[in-house]
Amino acid sequence: MPIIETKNLTYTYGEGTPFRKTAVDDANVSIEQGEFIGVIGHTGSGKSTFIQQLNGLLRPTSGTVLLNGKDIWAEPKKIRSVRFQVGMVFQYPEHQLFEETVLKDISFGPGNMGLDKDEILKRARWAADFVGLSDELLEKSPFELSGGEKRRAAIAGVIAMDPEVLILDEPTAGLDPRGRDVLLSQIVSYHEVRHNTILLVSHSMEDIARTADRVLVMNSGKVAMFDKTEKVFARDAELETMGLRVPQITKIMAVLKAKGYPVTTVLTIEQALR
Ligand code: ADP
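To get my numbering, take the position in the sequence shown, counting from 1, and add 470.
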């Protein structure tokens, strides 16, 4: 059984107004447990609207989202629990840090799940360790951290909830190349350790080529392609018509990864060519 499935998923903004806009149009997608899915598409193609329906932040205009075979809106009162199962890291998540200390911030999510104190702390420390935040940083105010550290603290706050599905919307936006590499490697090792399902939305074809098993391409609200990463990137002429340019190196990286070269090797090759 797929972990996430969408059936005829459609979302229209401003229904009944002159500004009516169908942002997601009849999307039928099936994702298996443990897959690493890349989501790409031109700005305005419907990526954010699509992912926000997967954890119940937006309720579909029509169609359904099934999580482990169950319609997430079957019992609207229980939609909150879906948000723990499907964790979402928004763009620039560091803007949502607000607690006195980094540790308290990372503990906030698991603190809302009805867990006991020891478990909350255990999860928060595990998540912090995962994203490479040292113990001494945990007692600092989030505002004392560097940009990259803040980003990692915010991501730790979501992975501390141990979601079955983790959705990351442009997690590397605004980071320098080094910060980007570090963060991507951490996301990949998190996936390797937890074997959970990841959806990564990115403008960066390289980020997707390095990480994703399959790529979902959105175009004008439709699912235009959904296939193995190297197969999608091989269709570069079609992608270009959707406003997506695929550099040659990205295609090579996707093929290398499909042949089983580890991400670190692919990274080294890419850096050598930069
Ligand atoms: P992407 O994440 O790919 O940039 P979005 O899902 O944000 O795409 O947007 C898809 C379409 O829906 C765009 O045409 C956008 O202008 C429109 N849209 C997004 N959010 C809203 C909103 N709150 N109200 C009206 N239209 C919106």
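Glycine included, each C-beta is placed from N, C-alpha and C at the ideal position.
From what residue to what residue does the alpha helix (DSSP H) around residue i run?
i      : result
Leu653 : Pro647 to Arg664
Arg622 : Gly617 to Ile629
Phe520 : Lys517 to Leu524
Leu709 : Asp706 to Thr711
Would you call the CB atoms of residue i and residue j closer than 7 angstroms?
i      : j      : result
Ser634 : Asn666 : Sequence inspection shows Glu at residue 634; the Ser mentioned does not correspond to that position. Yes, Cβ-Cβ distance for Glu634 and Asn666 is below 7 angstroms.
Leu607 : Val652 : no
Leu603 : Pro530 : no
Pro612 : Arg593 : no
Val499 : Gly516 : no
Lys491 : Tyr481 : no
Val601 : Gln656 : yes
Leu670 : Leu714 : no
Ile576 : Ala598 : yes
Val702 : Thr681 : no
Leu645 : Ile668 : no
On the DSSP letters alone, give me the boundaries of the beta strand (DSSP E) that residue i sits inside.
i      : result
Phe696 : Lys692 to Lys698
Val601 : No beta strand (DSSP E) contains Val601, which DSSP labels as neither H nor E.
Val535 : Ser532 to Leu537
Asp496 : Lys491 to Ile501
Leu479 : Ile474 to Tyr483
Val559 : Val556 to Val559
Can you tell which of the options has the C-alpha that lies nearest to the C-alpha of residue i?
i      : options                           : result
Phe696 : Ile501, Gly486, Gln566 and Lys491 : Ile501
Met471 : Ile521, Ser532 and Leu536         : Leu536
Lys721 : Phe578, Gly730 and Ile678         : Ile678
Ala624 : Leu686, Ser659, Gly557 and Ala682 : Gly557
Ala630 : His565, Ser690 and Met583         : Met583
Ala497 : Ser690, Met675 and Lys698         : Ser690
Thr699 : Lys727, Ser674 and Met712         : Lys727
Ala626 : Asp646, Gly644, Lys574 and Arg648 : Lys574
Leu527 : Asn538, Gly514, His673 and Ile542 : Ile542
Gln555 : Leu524, Thr642 and Ala694         : Leu524
Leu709 : Ile474, Ser551 and Leu686         : Leu686
Gly649 : Arg622, Asp632, Glu485 and Val628 : Arg622
So for residue i, helix, strand or coil by DSSP?
i      : result
Arg680 : helix
Leu638 : strand
Ile722 : helix
Gly511 : strand
Val671 : strand
Phe568 : coil
Lys540 : strand
Phe686 : The sequence as given places Leu at residue 686; Phe does not occur at that position. Leu686 falls in the strand class under three-state DSSP.
Would you say residue i lies against chain D (beta-carbon separation less than 7 angstroms)?
i      : result
Phe600 : The chain inventory of the structure shown lacks chain D, comprising one protein chain alone.
With three or more beta-carbon pairs closer than 8 angstroms as the criterion, would you say the stretch 502 to 509 touches the stretch 549 to 563? no
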